[in-house]
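For the sequence shown, UniProt numbering assigns the number 397 to the last residue and increments by one with no breaks.
Here the structure comes first, spelled out in structure tokens, and everything after it is commentary.
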Amino acid sequence: MGSAIVDASSLEMEAAGWISYPHWVQDALALMRNGAPGKIGLFESSVPEPSAMLADTVSAAFRNGPPATYQSVFMRNNPDLALRLGERYGAAAEQIICTTGATSAVQLIYAGLLNRDDHILIERPGFDMFANYALDAEIEIGFFDRPAPDFSLSVDAVLSALTAKTRMVVVTNLHNPSGALVSDETLSELADALRERGVYLLIDEVYRDYYDAEPCRFDVSRHWNAIRVNSMTKIFGLSSVRCGWMIASGRTLEQLKAYRDRVDFAVSKLSHSIAAEVFARAHDFDRWRTGHMDAAMPVAESAFSELSAAELVELSMPLQGCVCFARVVGVEDTVALSRWLIASHGVVVVPGECFGMAGHIRIGYALDESRLSAGLDRLSSGLKEYRKQNAKSQRIA
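Set out below in structure tokens:
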């Protein structure tokens with residue numbers, strides 16, 4: 001697991017304490033596919049694709065020819081899709097810009113709203129994509145901390161990290177990598193404070209639907225400087241549909257639409273028709289996700305409680321979302337730990353260095369019960385053995 005880091009943005013991120021998440025996952029997948037069989041990946045960050053449901057949805061929609069949702073998306077959204085997204089997320093259809101995915105939405109937002117040498121403030125720990133895209137666009141980056149173990153977002157911490165050049169703040173909700181929730185009230189408070197300073201707020205919501213106890217009601221109409229981003233990849237496990245969106249208002253929306261129309265004016269007509277058909281049956285897909293997580297959550301919480309009681313990890317409970325970010329007690333180099341766990345115990349977790357916080361591991365638990373239980377058993381055995389080896393090494397030293 002030693003992919004060379006060669007591009008300038010990755011070098012800068014490495015200097016800031018990050019290693020490349022995509023490179024790490026690429027290497028981990030290669031080890032899983034080419035090494036001894038039977039390895040279990042605890043790094044998945046969404047429910048599995050509901051392939052049979054997707055096939056049934058597409059078959060029913062297209063059985064007698066193209067459905068009414070199969071409409072031109074040239075220089076516009078799919079109308080049916082935008083309407084259903086607006087109903088689901090409490091926005092007007094006109095406030096939505098559909099994209100090929102959440103990542104393409106982020107790139108459009110950066111390019112459409114920011115200039116070279118502007119400054120962007122990003123949460124830490126966090127997903128390296130946000131910083132890498134900024135560096136590629138020659139935008140300066142800075143960080144504010146969301147401290148362990150609960151990884152809550154402090155408005156004061158964000159404001160104190162602003163500079164005279166800061167033009168955007170990026171947060172994830174639910175937080176990637178911890179799954180921590182930021183309330184609508186806190187987001188509104190932050191958006192208001194940033195608006196007074198002429199700073200945009202980008203809210204990545206790709207995991208937010210996993211917290212279905214309280215739907216998001218953050219209203220961009222009250223915050224012209226805020227942009228919400230989401231996609232079908234995490235909420236439904238449907239990365240294959242290639243559909244994302246952003247929600248904005250006022251002059252921010254106008255600026256983003258104008259930029260989109262210049263550089264990315266045609267998403268997939270077929271994909272966004274399928275997306276509209278999926279959202280027409282959103283209740284079924286939501287129920288599938290919820291049922292999957294309702295089965296996985298008790299398995300994960302029981303295992304993590306045992307790991308915490310054994311003082312192997314420190315982790316804030318209860319769990320939210322489909323991933324968590326645990327501190328491994330007594331371990332600083334979690335890259336070495338993750339490599340060892342793959343080689344010695346056949347279980348894959350993501351080292352905290354991929355998110356700018358060494359000494360932690362991100363664990364995905366959106367697996368079926370039996371596979372999740374087996375993976376967490378391997379993780380427990382591995383952490384116990386690793387601690388014994390470290391203790392033995394320290395005695396010898």
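We treat Cβ as the ideally placed atom computed from N, Cα and C, and that holds for glycine.
Please classify N390 as buried or exposed, where buried requires at least 16 other C-beta atoms within 10 Å of its C-beta.
Answer is exposed; the Cβ neighbour count stays below 16.
By the DSSP assignment, the beta strand (DSSP E) with F144 in it spans what residues?
Per DSSP, F144 belongs to the beta strand (DSSP E) from 140-145.
Distance, A134 Cα to G101 Cα
Cα-Cα distance, rounded: 17 Å.
So, are the CB atoms of R84 and F279 less than 8 Å apart?
For R84 and F279, yes; Cβs fall inside 8 Å.
Under a three-way DSSP split, which group does T166 fall into?
Three-state DSSP puts T166 in a strand.
Under the three-state DSSP convention, the category Y21 falls into
The answer is helix: DSSP assigns Y21 an H, G or I state.
Would you report the Cα separation of R208 and D184, rounded to the nearest angstrom?
Computed Cα separation, rounded: 11 Å.
Along the chain, where does the beta strand (DSSP E) that runs through W245 open and close?
Membership of W245 in the beta strand (DSSP E) is indicated by the continuous run 244-247.
Residue range of the unbroken alpha helix (DSSP H) whose run includes T186
First-last of the alpha helix (DSSP H) with T186: 184-196.
In three-state terms, what does DSSP make of L202?
Here L202 sits in strand by DSSP.
Minimum C-alpha distance to A180 - residue among S154, M168, A193, L201
Closest in alpha carbon position to A180, among S154, M168, A193, L201, is S154.
Best match in F218, K388, A30 for proximity to L187 [C-alpha to C-alpha]:
Nearest C-alpha to L187 among F218, K388, A30: F218.
Alpha carbon to alpha carbon, how far is Y110 from F74? Give it in angstroms, no decimals.
Answer to the nearest angstrom: the Cα atoms are 22 Å apart.
Give me, in chain order, the residues of the same chain whose beta-carbon lies closer than 7 Å to that of H272; leave out the 5 immediate sequence neighbours on both sides.
Contacts found: V73, N78, L81, C98, C243.
Residues of its chain near V206, where Cβ-Cβ distance is below 8 Å and the 5 sequence neighbours each way are ignored
Excluding positions up to five away in sequence, the list reads A102, T172, N176, V229, N230, S231, T233, K234, I235.
Skipping 5 residues on each side, what residues in its chain have a beta carbon closer than 7 Å to that of R378?
Counting only Cβ-Cβ distances below 7 Å, and skipping sequence neighbours, we find I40, H345, G346, V347.
So, A366 versus M293, is the Cβ gap smaller than 8 Å?
A distance below 8 Å separates the beta carbons of A366 and M293.
Counting pairs of Cβ atoms below 8 Å between the segment 347-366 and the segment 85-94, do you hit three or more?
Too few Cβ pairs lie closer than 8 Å, so no.
Quick check on the DSSP output: the beta strand (DSSP E) that includes F325 runs from which residue to which?
Segment 323-328, the beta strand (DSSP E) holding F325.
Between E332 and the rest of its own chain, which residues show a CB-CB distance below 8 Å, the 5 nearest in sequence each way excluded?
Answer for E332: A358, G359, listed in chain order.
Between P318 and the rest of its own chain, which residues show a CB-CB distance below 7 Å, the 5 nearest in sequence each way excluded?
Once the five neighbours on either side are set aside, the close Cβ partners of P318 are E301.
Taking E123 as part of the beta strand (DSSP E), name the residues at either end of that continuous run.
Counting along the chain, the beta strand (DSSP E) containing E123 begins and ends at 119-124.
Give every residue of the same chain whose Cβ lies closer than 8 Å to the Cβ of V58, excluding the five residues on either side of it in the sequence, and list them in chain order.
Cβ neighbours of V58 beyond the five flanking positions: I274, E277.
Closer than 8 Å is the cut-off here; do at least three beta carbon pairs connect the segment 155-171 with the segment 187-201?
Yes, the segment 155-171 touches the segment 187-201.
Helix, strand or coil at P351 according to DSSP, with G and I counted as helix
Residue state, collapsed to three classes: strand.
For the beta strand (DSSP E) that contains R362, what are its first and last residues?
Residues 360-364.
With C324 and W24 assumed to form a contact (beta carbons below 8 Å), what rounded beta-carbon distance in angstroms separates them?
So it is not a contact: roughly 18 Å between Cβ atoms.
Can you look up R281 in the DSSP assignment and give me helix, strand or coil?
Coil, per DSSP.
Between the Cα of C216 and those of E44, Q255, I247, spot the shortest distance and give me the residue it belongs to.
Here the closest residue by C-alpha is I247.
Local conformation of V229 per DSSP, three classes
If DSSP states are grouped into helix, strand and coil, V229 belongs with the strands.
Does DSSP put E314 in a helix, in a strand, or in coil?
Strand at E314.
Per DSSP, F130 forms a beta bridge with which residues?
DSSP links F130 through a beta bridge to no other residue.
Using the rule of at least 16 other Cβ atoms within 10 Å of the residue's Cβ for burial, across every protein chain shown, is A326 buried or exposed?
By the beta-carbon neighbour count (other beta carbons within 10 angstroms, threshold 16), A326 is buried.
Start-to-end residues for the alpha helix (DSSP H) that takes in T103
Element bounds for T103: 102-113.
8 Å Cβ cutoff met for G356 and G17
A contact, by the Cβ cut-off of 8 Å.
Using DSSP's beta-bridge definition, name the partner residues of I96.
Looking at the DSSP assignment, I96 forms a beta bridge with I247.
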